[in-house]
Amino acid sequence: MLKSMDKMDFKVVLPEGRLTDEGRCVWKELSREKKLDFYRWMVQVRQFDRRSILLQRQGRIGTYAPMAGQEAAQVGSALALSKEDWIFPSYREVGVNMVAGIPLKQILLHWMGRVEGNRFPEGSRVLPPYVPIATQLPQAMGAAWAAKMKKEPSVAVAYFGDGATSEGDFHEALNFAGVFRLPVIFFCQNNQYAISTPFRRQSAVPTVAERAAAYHIPGIRVDGNDVVAVHIAMEQAVSRGKQGEGATLIEAVTYRHGAHTTADDATRYREAEEVEEWVRNRDPIHRLEVLLKAEGLLTDADIRDWEEASRQVVEHAVKEAESVPAPAADHLFAHVYEKMPLDLIKQKRDV
Amino acid sequence: MSEITLVQGVCAGLDTALREDPRVVVLGEDVGKNGGVFRATEGLWEKFGEERVIDTPLAESGIVGAAIGMAVNGLLPVAEIQFMGFIYPAFEQIISHAARLRQRTQGQHPASLVIRAPYGGGIRAPELHSDSTESLFVHTPGLKVVVPSTPYDAKGLLLAAIRDPDPVIFLEPMKIYRSMRQEVPDGWYEVSFGQARKVCTGEDVTLISWGAMVPVAEQAARAASDEGVSCEVIDLRSLYPLDMEAVIDSVKKTGRAVIIHEAPKTAGLGAELASRIHEEAFLWMESPVERVTGYDVPVPMFALEDAFRPSVERVGAAVQKVMNF
Ligand SMILES: Cc1ncc(C[n+]2csc(CCOP(=O)(O)OP(=O)(O)O)c2C)c(N)n1
């Protein structure tokens, strides 16, 4: 299967909610629960994203990086991972984090500017959001390297955007991964813009996936708004990693419906028609909804119920996050060193 | 003349430079079509075209390395790093090359370039966006480091930086990008490096600061004057070279100094200033030098940034301390 996906767009569910020929066999293999899982997670993630934008407008959280439009890429890939796998996300991966079991309360605390939000439940193998672009790639590679040395059955995944492929860290990480055949997955959500910069300005090579060839690892390009295609590609990359076959680069082609962050005005650099096309005609949730309904797996009532349930989960998390007491000023000093040097103890006393 | 903000002063400086000197190019992430994430390059791409106002790939080492090469080959590049917290991928290029090419080539291939970066906290920015690591650059021989705190200085220092034959790190305090307006002359004018600005005169204590800490020092000076303490406020403007003459003259007059910076205390620029004051004005001092700084901890996420950044109250306490020594 992987071979056939090499260097070509892999699709299962078309934008209008029809299965491709190739997709029909894949779809048949999936359990009803799994199919609904994809849908439910995407809806839940979108609810959270919408609510976060509102919270930012109300001044209840800081600058937020909306991800609507990228739900399939995030949910489809994260659902292929298990607890023993490492995740090194960027700031836009709230969907990945949710699927990976990070409490919404923690995610919200992060956006409220609270460092406590960066600490996840015990045993979690998810790192906090990486803000400096591409810096998580070499680290994911290192975590995978350790897993290989320790003979752990796990992979490490770095999530990043198309802009990140221009940084040296991207190339260094892929090169190491190729040289040492490491169980690392480089998962690029190519949403086609790095803030205002279109992908053609990042790279003369027209796709991200092609870059893998330079490091002798497979480069897979999938329709990133096709949750099933993303999921299958990720499952195969995970199994390659766990079977000692090395790294994979996945390019999920997608689009962010909104601005880069709540501080950005995307109308300055994106044409309205282009946005309209992606929002209206290529939405990741809509296509699955159409398919599930056509298959009799989902009714309008189910949709309403699930949306309402999702809203409640999000509201509950907002309440939880907002009722965490404000940190004392001297929390600045917590966890800076394992054992606080004397100098710092003195500074802390003066706060 | 027009009334503009600090960030508009930066933009006006770039506009003037691009118009008057064909060697000037502006390059960085989102500086073109988008006009910069803070609008510091607003309108320049439309006016001067994409060959002179260049949207680059997302790669700081590439941006600074390219600027060095352009400078070596006769252009006057002004590179933007989107936030100071993202300058580190370019560290190698700045520290080992921009700073040293003149010396390494014994004057043959100097790199005359400007690297601009918004810096500092106080705007509730996302994590890792609020660094103040100016000391790293001040500590690097071969570089000049300047920080405007007014719209007038933003334009004048930037034009001086562009004409300066040495590499200049030009740091822009985000917190005060839009907090004040000031009349700024049209056309080319320069604010010379190595000349501090006396913000207000006073007799009892000298407050020394730069960037977004200047308004904090000013407020503290006003608060102190209500209590009968007269503060002289100095805005360094240029962190390297330092205007030690202005600092020493003032401290000799007042006999007391409080240094205010946002960066962590240990090995911050305040340490250099304090020891220079000690060396050059010891016999005039009425009290030890006080420093009000960020703590020696990573710049916090924004929920605690007000606890980290020096406040008017903390400066006030330091003023009391040097007065009551
Ligand atoms: C090293 C570094 N340089 C610059 C920035 C500023 N910045 C934040 S997001 C961004 C664009 C990132 O684009 P991309 O990698 O495509 O990811 P996306 O935001 O589209 O998910 C930039 C330039 C940064 N965070 N880190």
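If you read the protein sequences in the order shown, they are chains W and E. Those letters in the first sequence? Residues 1 to 351, per full-length UniProt numbering, in order. Those letters in the second sequence? Residues 1 to 325, per full-length UniProt numbering, in order. Backbone N, C-alpha and C define an ideal beta-carbon position, used for all residues, glycine too. All figures in this text were calculated on a predicted structure; none of them were measured in a lab.
With 16 other Cβ atoms within 10 Å as the buried cut-off, status of residue i
| i | result |
| --- | --- |
| Tyr-119/E | buried |
| Lys-3/W | Interpretation of Lys-3/W is limited by its pLDDT of 47, a score under 50 that renders its predicted location unreliable; the figure taken from the coordinates is listed afterwards. Under this definition Lys-3/W is an exposed residue. |
| Pro-121/W | exposed |
| His-316/W | exposed |
| Leu-54/W | exposed |
| Ile-345/W | exposed |
| Ser-250/E | buried |
| Ala-217/E | buried |
| Asn-324/E | exposed |
| Tyr-240/E | buried |
| Gly-123/W | exposed |
| His-335/W | exposed |
| Phe-83/E | buried |
| Lys-150/W | exposed |
| His-109/E | exposed |
| Asp-164/E | buried |
| Glu-50/E | exposed |
| Arg-114/W | buried |
| Tyr-337/W | exposed |
| Gly-74/E | exposed |
| Asn-281/W | exposed |
| Ala-237/W | buried |
| residue 326/E | There is simply no residue 326/E to check, as chain E begins at 1 and stops at 325 in what is shown. |
Contact belief for residue i with residue j at Cβ below 8 Å, rounded distance in angstroms
| i | j | result |
| --- | --- | --- |
| Ala-73/W | Thr-254/W | 5 Å |
| Arg-199/E | Lys-155/E | The sequence given here has Val at residue 199/E, not Arg. With a Cβ gap of about 18 Å, Val-199/E and Lys-155/E do not count as contacting. |
| Val-191/E | Asp-153/E | 5 Å |
| Glu-172/E | Arg-116/E | 6 Å |
| Arg-243/E | Ser-196/W | One detail in the question is off: residue 243/E reads as Asp in this sequence, not Arg. Between Ser-196/W and Asp-243/E the Cβ distance is about 39 Å, and since that is not below 8 Å, they are no contact. |
As assigned by DSSP and simplified to three states, the class of residue i
| i | result |
| --- | --- |
| Asp-235/E | strand |
| Lys-11/W | coil |
| Leu-2/W | Reliability fails at Leu-2/W, whose pLDDT of 45 lies under 50, so the model's placement of it is uncertain and the value that follows must be treated cautiously. Note: Leu-2/W maps to helix in three-state DSSP. |
| Asn-175/W | helix |
| Lys-175/E | helix |
| Gln-182/E | strand |
| Thr-150/E | coil |
| Ala-257/E | strand |
| Thr-267/W | helix |
| Phe-91/E | helix |
| Asn-118/W | helix |
| Gln-82/E | coil |
| Ser-154/W | coil |
| Phe-325/E | coil |
| Ala-194/W | strand |
| Lys-33/E | coil |
| Asp-223/W | strand |
| Ala-306/W | The amino acid occupying residue 306/W in the given sequence is Trp; Ala does not appear at that position. Correct three-state label for Trp-306/W: helix. |
| Leu-334/W | Residue identity check: residue 334/W is Ala in the sequence provided, not Leu. If DSSP states are grouped into helix, strand and coil, Ala-334/W belongs with coil. |
| Phe-160/W | strand |
| Val-145/E | strand |
| Gln-106/W | helix |
| Pro-132/W | coil |
| Arg-282/W | coil |
| Arg-24/W | helix |
When the options are compared against residue i, the one with the closest alpha-carbon
| i | options | result |
| --- | --- | --- |
| Arg-125/W | Val-131/W, Ala-140/W, His-260/W, Glu-274/W | Ala-140/W |
| Gly-28/E | Leu-58/E, Arg-197/E, Ala-161/E, Ala-271/E | Leu-58/E |
| Val-94/W | Val-279/W, Phe-180/W, Phe-160/W | Phe-160/W |
| Pro-218/W | Ala-229/W, Asn-225/W, Pro-206/W, Ala-233/W | Ala-233/W |
| Ile-260/E | Val-247/E, Tyr-240/E, Val-292/E | Val-292/E |
| Leu-44/E | Met-70/E, Val-322/E, Ser-96/E, Ala-12/E | Ala-12/E |
| Asn-225/W | Ile-61/W, Ala-68/W, Gln-47/W | Ala-68/W |
| Val-318/W | Ala-334/W, Gln-58/W, Ala-213/W | Gln-58/W |
| Leu-342/W | Asp-296/E, Glu-262/E, Pro-167/E | Asp-296/E |
| Glu-127/E | Ala-146/W, Ala-158/W, Ser-90/W, Asp-162/W | Ser-90/W |
| Gln-106/W | Val-314/W, Leu-332/W, Arg-349/W | Val-314/W |
| Cys-188/W | Ala-164/W, Ala-294/W, Arg-40/W | Ala-164/W |
| Ser-179/E | Ile-123/E, Glu-232/E, Ser-230/E | Ile-123/E |
| Ala-281/E | Glu-20/E, Ala-257/E, Pro-298/E | Ala-257/E |
| Tyr-193/W | Ile-303/W, Arg-268/W, Val-351/W | Arg-268/W |
| Ala-17/E | Ala-161/E, Ala-71/E, Gly-228/E | Ala-161/E |
| His-110/W | Glu-307/W, Gly-62/W, Tyr-215/W | Gly-62/W |
| His-216/W | Arg-240/W, Ala-143/W, Val-179/W | Val-179/W |
Any non-hydrogen atom of ligand 2 within 7 Å of residue i CB
| i | result |
| --- | --- |
| Asp-265/W | What this structure holds is ligand 1, not ligand 2. |
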